[in-house]
Amino acid sequence: MATTERRPSVLTLALPHTPEAVGTARRAVRDVLRERGWPEELVENAMLVVSELVTNAVVHGLPPVELRMRVVSGFAVGRVIDRSPDLPVPVEADVGGEGGRGLAIVAAVAVGWGAHLLPERGGKAVWFEFRGPPDLAPAARPSLGLRLWGVPGFGGGPFRGDLNAPSFSSPFRWPA
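Counting from 1, position 149 in the sequence shown corresponds to residue 149 in the working numbering; the numbering is continuous, with no gaps.
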């Protein structure tokens with residue numbers, strides 16, 4: 001029996017610089033991953049990560065905000081882009097306070113994540129990666145084409161990027 005490899009699902013979403021952007025991004029990620037047959041637990045995890053990153057872009061970044069995600073053969077890689085040149089810096093969450101937990105949640109839930117500047121267009125991209133169920137036909141893991149300086153070791157963890165490190169290429173070539 002011959003199988004054919006599924007084509008990548010690509011999501012490119014311009015988001016308003018308002019709190020409503022978070023819900024829009026969550027629904028779009030949910031729809032793409034469910035269409036690919038991802039288990040609900042992984043869909044929920046991806047939605048949580050995207051919620052945190054879009055919230056950070058809206059609260060701390062500059063417009064416009066954009067979500068890009070590519071799903072191919074058991075992997076989802078995406079990034080949230082905004083025009084602020086300030087890279088995210090994880091902070092110790094205040095036990096009784098609000099906020100400060102977002103990047104810790106991203107590090108705990110995503111397989112990998114990091115951030116880099118986008119000197120060619122201005123601003124930054126905060127990227128994330130998830131492993132999901134493989135498609136029926138095997139395919140090679142997508143080449144990220146980047147140094148994982150934002151993640152110590154494969155598998156995620158606290159952000160320890162060198163803020164003075166040179167930027168690197170995006171995880172994928174995105175359609176225009």
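Ideal Cβ placement from N, Cα and C applies to all residues, glycine included.
The structure displayed is predicted, hence computed values, not measured ones.
CA-to-CA distance, L15 to K124, given in whole angstroms: So the alpha carbons of these two residues sit roughly 15 Å apart.
Start-to-end residues for the beta strand (DSSP E) that takes in D82: First-last of the beta strand (DSSP E) with D82: 75-82.
Cβ-Cβ separation, A57 to G246 (assumed contact under 8 Å), whole Å: Outside the shown range of the chain (1 to 176) lies residue 246, about which nothing can therefore be said.
Touching by the beta-carbon criterion (3+ pairs, under 8 Å), the region 60-76 and the region 113-120: Using a Cβ-Cβ distance cut-off of 8 Å, the region 60-76 and the region 113-120 are not in contact, since fewer than three pairs of beta carbons, one from each stretch, lie closer than that value.
Test item: CB-CB of R83 and G114 under 7 Å: Taking 7 Å as the Cβ cut-off, R83 and G114 do not qualify as a contacting pair.
Sub-7 Å separation of M47 and R34 beta-carbons: No.
For L62, the nearest candidate out of E20, D86, I105, G37 (CA to CA): Nearest of E20, D86, I105, G37 to L62, Cα basis: D86.
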